[in-house]
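Peer 1: Numbering (my numbering), first residue to last: 3 to 174.
Glycine included, C-beta positions come from ideal geometry on N, C-alpha and C.
What you are looking at is a predicted structure, and each value in this text was computed from that prediction instead of being measured.
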Amino acid sequence: PHTLGAWIGAEHWQRLVLHSGAPPNGFLAIVGRDGRLIARSDAPQLAGSLIDASALATMAADADVAQRAEMADGGVTYGTWQALPRAGWAVSARVFAAPIDSAQRHAVLTALTTTTACLLIGVALATLLARRVTEPLVQLASDGAALPTPPLFREIAQLRDALAMAQEQEAH
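1) Does A143 pass the burial test, meaning 16 or more other C-beta atoms within 10 Å, or should it be called exposed?
2) For M73, which option in S51, H108, L114 and A8 has the closest C-alpha, if you only look at C-alpha atoms?
3) Kindly confirm or deny that the segment 24-31 and the segment 96-112 touch, where touching means at least three C-beta pairs closer than 8 Å.
4) Under the three-state reduction of DSSP, which class applies to R88: helix, strand or coil?
5) One question on the structure: do V19 and S43 come within less than 8 Å of each other, judged by their Cβ atoms?
6) Taking DSSP's pairing of strands, which residues face T82 in a bridge?
7) On the DSSP bridge list, what partners appear for V140?
8) Nearest CA to the CA of G23: which residue from A109, R96 and L139?
9) Tell me whether G81 is buried or exposed, calling it buried when 16 or more other Cβ atoms sit within 10 Å of its Cβ.
10) Output the distance between the C-alpha atoms of Q169 and T116, rounded to the nearest integer angstrom.
11) Report buried or exposed for A89, applying the criterion of at least 16 other Cβ atoms within 10 angstroms of its Cβ.
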């Protein structure tokens, strides 16, 4: 058995990640078995640097997990990776967390605002409806059968008519 090896320069790996279709607002990276960044599509100057130890441990433990991670250069990202077991390498696709987090906060704020507005509208409508029911009842209680406008509900009209008949019967 013979073993054949080849040296592939860093610029070729960099070109590979640049032309492999990085996600919008994100990047692709190749990580070596020792946790060194071999190439990164958005920051070639980081090649050779060590990736975060917690990210490396997660990559070693489970290759099918998407994670939120703080990058060595200070950025926070969401990403996933695919381990290449024979090489001991991993390929990672990551997107920056700020736009995703901002969109999520916006969605939650919009939902809360909409819910609050609907609740306030519901309370206002319930108050108006209650007023439309109670005002004629208050008028009936104070003035007897006299209502200046036709009542909104049939039951109030029936109560008015019953009060009017009771007043007629009382008068005779």
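Peer 2: Let me lay it out:
1) exposed
2) S51
3) yes
4) coil
5) yes
6) A95
7) Paired residue(s): none; V140 is not in a bridge.
8) If we check each option's Cα against that of G23, R96 comes out closest.
9) Burial state of G81 is buried, judged by a 10 Å Cβ sphere holding 16 or more other Cβ atoms.
10) Rounded to the nearest angstrom, the gap between the Cα atoms of Q169 and T116 is 51 Å.
11) By the Cβ neighbour-count rule, A89 is exposed, with fewer than 16 other Cβ atoms within 10 Å of its own.
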